[in-house]
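Novice: Encoded as structure tokens, here's the structure I'll be asking about.
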Amino acid sequence: MSLWKLLQVSSAIRSIARSASYLGKVKYDYDLVVLGGGSAGLACAKEAVDNGARVLCFDYVKPTPVGTKWGLGGTCVNVGCIPKKLMHQASLLGEAVHEAVAYGWNVNDQNIKPDWQKLVKSVQNHIKSVNWVTRVDLRDKKVEYVNSMGAFVDPHTIEYSVKGGPKQQATAEYVVVAVGGRPRYPPILGATEFGITSDDIFSYDREPGRTLVVGAGYVGLECACFLKGLGYDPTVMVRSIVLRGFDRQMSELLEAMMSERGVQFLHTTIPSSVERQGDGRLLVKYRNTTTEKEDSDVFDTVLWAIGRKGLIEDLNLPAAGVETKNDKIVVDSKEATNVPHIFAVGDIIHGRPELSPVAILSGRLLARRLFAGSKQLMDYADVATTVFTPLEYSCVGMSEEMAIQTHGPDNIEVFHGYYKPTEFFIPRKSVRHCYLKAVAEITGDQKILGLHYIGPVAGEVIQGFAAALKSGLTVKTLLNTVGIHPTTAEEFTRLSITKRSGRDPTPASCCS
Ligand code: FAD
Ligand code: NDP
């Protein structure tokens, strides 16, 4: 090629590049690729399509070590919130049957037992129906869905393969990583061979029997409680304290409530190994980290509930240059990674709550910012949450410890009270752990910093108060609110005793 021809070609290339840059657009296959079809990814994908974007969403579930797998929808639908709530409900119904007798129902067989296989089948049938509806919803909304892992080839290109077929690639202007997490296994002998996790328990094909639940966070406590309620015999192994990070007083009350119901606790203990015995049962060796004493016990099931790790390992993030920290992706307040067109939402984000509604709202808001000109950011503060134990614990805002730390002990007032739910009287249910408190500023109208409640249907009770707290609820407003009688939620409107006063927070009756 002559020099003249060469100059002409390079000038043409520069001109094309200039006009592409002038238009501000390179042609991509999609406006958005979403990696992960769970709460966050689906919310983001659907909102993006609603705002005119062309969207491709990947979702793929790797089986657990014992082979459990599931369909579209992510953790919440398949192995999280939904099956957990159904098993929680099943265990509450067991209690309700016994209460019904006190209320005059003729329940002939007093030795009522649940049928584990039937329960699992019902739960799994419900999940399959949700998987189906989710798929139909994506098709109707015209979100392209591919059942495959997706991994970066470069910052705009994702590689995938459908059902072991040839590798394919898709390019996108924006990529949202919403791959969530999976349960951790401890690095000890027998952990993956013989232990299961929350990924397995909701479809477990045999009765769990005597179960060691390792971990005392949300998952550990919730699983131990529904197993107890269903008639099994759970022991919770606690490494440090129950519900670390939550309000201490409430966590200790919750633990006491669980103990009263027969859940066993092994404190300051960590497992050393799991072996299968000749009779098929599991021998677990463990060590008390306070006394250094080693011990062992035999269980039918070992359930690891020791937290979750972000699923970054299959993403080939180095190809995109995305920054990570401890298995999670680092993002700014716009959920943007260090690579400006790559975002992350949901459980995969570092340092944010691992909760389904957080994942959904952050995914939706991100899509609106990308495709609808919105400027609204996700507000991660004051997110309400519930631990689904038989008396549930729900809270929003600061723990008492956090309020003391941020405001100083002399600048906060804690209003508290025990209460007696009316419906507990006839079946003579224990009211010992029905307790609530409001942590507030001490001056002015006393802005409320945190609300905490242990009792029936805690999530339902706290949800509305969470909106009030976000709107600047004060003690003055709370106490000027007329309660709904007879409910347990109304107890928040009757909080008159402060911890500082030293007065007895135990009521004489339900209506005092
Ligand atoms: P996920 O729902 O985990 O979705 C991510 C999806 O991406 C998964 O399907 C995953 O397999 C897939 N994926 C991973 N890597 C790739 C890849 N490379 N390519 C394609 N796909 C990929 N939250 C609540 O608010 N309330 C509750 O009561 C509650 N209960 C829970 C109970 C349990 C037992 C557990 C484990 C969690 C619970 N949670 C609860 C938490 C809630 O489930 C999560 O916060 C939520 O599911 C996170 O959504 P996500 O979209 O970020 O991730
Ligand atoms: P968490 O991080 O809440 O709790 C993990 C527990 O395991 C802690 O008690 C921890 O002890 C213990 N632990 C950690 N490592 C070890 C180890 N190597 N050996 C023994 N014990 C160990 O994780 P979960 O799995 O319970 O829950 C994960 C997330 O899922 C939660 O943060 C929550 O956001 C979400 N979730 C929400 C629910 C809801 O909304 N109701 C229900 C279930 C889950 P230590 O305190 O000493 O670290």
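Last residue of the sequence shown? That's 512 in UniProt numbering, and every number before it is there in order. From the three backbone atoms N, C-alpha and C, an ideal C-beta is built for every residue, glycine too. Because the structure is a prediction, the values reported are computed rather than measured.
Could you check whether the region 108-120 touches the region 253-266, counting it as contact only if at least three pairs of C-beta atoms, one from each stretch, sit closer than 8 Å?
Specialist: Contact fails: fewer than three Cβ-Cβ distances are below 8 Å.
Novice: Between the C-alpha atoms of L391 and A489, what's the straight-line distance to the nearest angstrom?
Specialist: Here residue 391 refers to the residue found at position 391 of the sequence shown. Here residue 489 refers to the residue found at position 489 of the sequence shown. Straight-line Cα distance between these residues: approximately 14 Å.
Novice: For L23 and D137, I'd like the C-alpha separation in whole angstroms.
Specialist: To locate residue 23, count along the sequence shown from 1; it is residue 23. To locate residue 137, count along the sequence shown from 1; it is residue 137. Since pLDDT at L23 reaches only 47, below the 50 mark, its modelled position is unreliable, and the value read off the structure follows with that caveat. If I take the Cα positions, the gap works out to 34 Å.
Novice: Let me check you understand the geometry: is the CB of I348 closer than 7 Å to at least one non-hydrogen atom of ligand 1?
Specialist: Residue mapping note: residue 348 aligns to position 348 of the sequence shown, counting from 1. Checking every heavy atom of ligand 1 against the Cβ of I348, one is found closer than 7 Å.
Novice: Is it the case that the region 347-367 contacts the region 404-413, given that we only count it when at least three CB pairs across the two stretches are under 8 Å?
Specialist: Flag = no, the region 404-413 and the region 347-367 do not touch.
Novice: Look at the Cβ atom of V302, then the Cβ atom of Q277, and state whether they are nearer than 8 Å.
Specialist: Residue 302 sits at position 302 when you count from the first residue of the sequence shown. Residue 277 sits at position 277 when you count from the first residue of the sequence shown. Not closer than 8 Å, so no.
Novice: Are the beta-carbon atoms belonging to G36 and L72 less than 8 Å from one another?
Specialist: Within the sequence shown, residue 36 is the residue found at index 36, counting from 1. Within the sequence shown, residue 72 is the residue found at index 72, counting from 1. Their beta carbons are not under 8 Å apart, which means G36 does not touch L72 by this criterion.
Novice: If you measure between the beta carbons of I188 and P65, is that distance less than 8 Å?
Specialist: Here residue 188 is taken as the residue at index 188 of the sequence shown, counted from 1. Here residue 65 is taken as the residue at index 65 of the sequence shown, counted from 1. Contact flag unset, no.
Novice: Is the region 148-160 touching the region 51-68, taking contact as three or more C-beta pairs under 8 Å?
Specialist: As far as the Cβ criterion goes, the region 148-160 touches the region 51-68, which means the pair count is three or higher.
Novice: Can we say the region 38-56 touches the region 319-332, given the rule of at least three CB pairs closer than 8 Å?
Specialist: Contact between the region 38-56 and the region 319-332 is absent, because fewer than three Cβ pairs lie under 8 Å.
Novice: Relative to the C-alpha of V219, which residue among P83, K375, N111, L92 is closest?
Specialist: Indexing the sequence shown from 1 puts residue 219 at position 219. The candidate whose alpha carbon is nearest that of V219 is P83.
Novice: Would the beta-carbon of K142 be found less than 7 Å away from any heavy atom of ligand 3?
Specialist: Absent from the structure shown: ligand 3. Ligands present: ligand 1 and ligand 2.
Novice: Does Y103 pass the burial test, meaning 16 or more other C-beta atoms within 10 Å, or should it be called exposed?
Specialist: Locating residue 103 in the sequence shown gives position 103, where the first residue counts as 1. So Y103 ends up on the exposed side.
Novice: Measuring alpha carbon to alpha carbon, tell me which of L315, P318, G351 ends up nearest V330.
Specialist: On the sequence shown, residue 330 is found 330 positions in, with the first residue counted as 1. Answer by Cα proximity: G351.
Novice: Taking a cut-off of 6 Å, which residues have a beta-carbon closer than that to any heavy atom of ligand 2, in chain order?
Specialist: Listed along the chain, these residues meet the criterion: P186, V214, G215, A216, G217, Y218, V219, G220, E222, R239, S240, R244, I270, A305, I306, G307, R308, P353, E354, L355, T385, T386, V387, F388.
Novice: In or out: S21 buried (at least 16 other Cβ within 10 Å) or exposed?
Specialist: On the sequence shown, residue 21 is found 21 positions in, with the first residue counted as 1. Its pLDDT being 38, under 50, S21 is placed unreliably in this model, and the value from its coordinates should be taken loosely. Flag for S21 reads exposed.
Novice: Ligand 1 and G164: does the residue's C-beta get closer than 7 Å to at least one heavy atom of that ligand?
Specialist: Against the sequence shown, residue 164 aligns to sequence position 164. No, the beta carbon of G164 sits no closer than 7 Å to any heavy atom of ligand 1.
Novice: Do P166 and I342 have their C-beta atoms closer together than 8 Å?
Specialist: For the purposes of this step, residue 166 is taken as the residue at position 166 of the sequence shown. For the purposes of this step, residue 342 is taken as the residue at position 342 of the sequence shown. No, these two residues do not count as a Cβ contact at 8 Å.
Novice: Does the separation of the CB atoms of A438 and L478 fall below 8 Å?
Specialist: Counting from 1 along the sequence shown, the entry for residue 438 is found at position 438. Counting from 1 along the sequence shown, the entry for residue 478 is found at position 478. In contact: A438 and L478 (Cβ atoms closer than 8 Å).
Novice: Using only CA atoms, which one of E441, Q463, L283, V77 lies nearest to T134?
Specialist: Numbered from its first residue, the sequence shown carries residue 134 at position 134. Out of E441, Q463, L283, V77, V77 has the C-alpha closest to the C-alpha of T134.
Novice: According to DSSP, is D347 helix, strand or coil?
Specialist: Within the sequence shown, the letter at position 347 stands for residue 347. D347 falls in the helix class under three-state DSSP.
Novice: Along the chain, where does the beta strand (DSSP E) that runs through Q169 open and close?
Specialist: Locating residue 169 in the sequence shown gives position 169, counting from the first residue. That run of the beta strand (DSSP E) goes 168-177.
Novice: When you compare only the Cα positions, how much space is there between L92 and G229?
Specialist: Counting from one through the sequence shown, the residue named residue 92 turns up at place 92. Counting from one through the sequence shown, the residue named residue 229 turns up at place 229. Their backbone Cα atoms lie some 7 Å apart in a straight line.
Novice: As an exercise, report each continuous alpha helix (DSSP H) stretch of at least 4 residues that is fully enclosed by the region 374-437, in chain order.
Specialist: The region 374-437 contains these whole alpha helix (DSSP H) runs: 400-407.
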